[in-house]
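Input: a single structure, listed below in structure tokens.
In this note's numbering, the protein residues as written are 289 to 399.
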């Protein structure tokens with residue numbers, strides 16, 4: 289058995305399991321980066337970097353919310369990625385979960 293033989297089936301059509309795996313892997317890496325950035329921003333940054341980083345985190349959370357709300361159209365038109373969000377419930381509902389988790393990465397205390 290190799291990696292091309294691993295498929296899941298949903299509704300009679302065969303879907304690959306790799307898009308959700310890659311989506312979650314990238315989202316977890318981005319989330320860890322945002323939380324590490326929050327730590328450094330709260331410790332060392334000035335007020336301008338503090339606000340810019342806060343808006344950056346909100347932008348990343350908004351991208352995940354738009355994936356939840358607008359699905360494949362947003363992914364293909366704005367992000368230029370062919371990702372059928374509605375075909376994978378784990379990506380569809382995971383995007384709203386990541387959006388809510390990322391909001392907690394907004395820096396809250398200034399040095």
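For each residue, glycine too, the CB sits at the ideal point set by N, CA and C. Note that this is a predicted model, so its numbers are computed, not measured.
Proximity to residue 394 across 309, 321, 310 peaks at 321, based on C-alpha coordinates. A Cβ-Cβ contact shorter than 7 Å links residue 355 with residue 373. The Cβ-Cβ distance between residue 343 and residue 329 does not fall below 7 Å. Taking the Cβ atoms as the reference, residue 387 lies roughly 17 Å from residue 341, outside the contact range of under 8 Å. Relative to residue 384, the option among 326, 334, 359 whose CA is nearest is 359. Assignment of residue 367 by DSSP, reduced to helix, strand and coil, places it in the coil class. Around the beta-carbon of residue 379, 16 or more other beta-carbon atoms lie within 10 Å, marking it buried.
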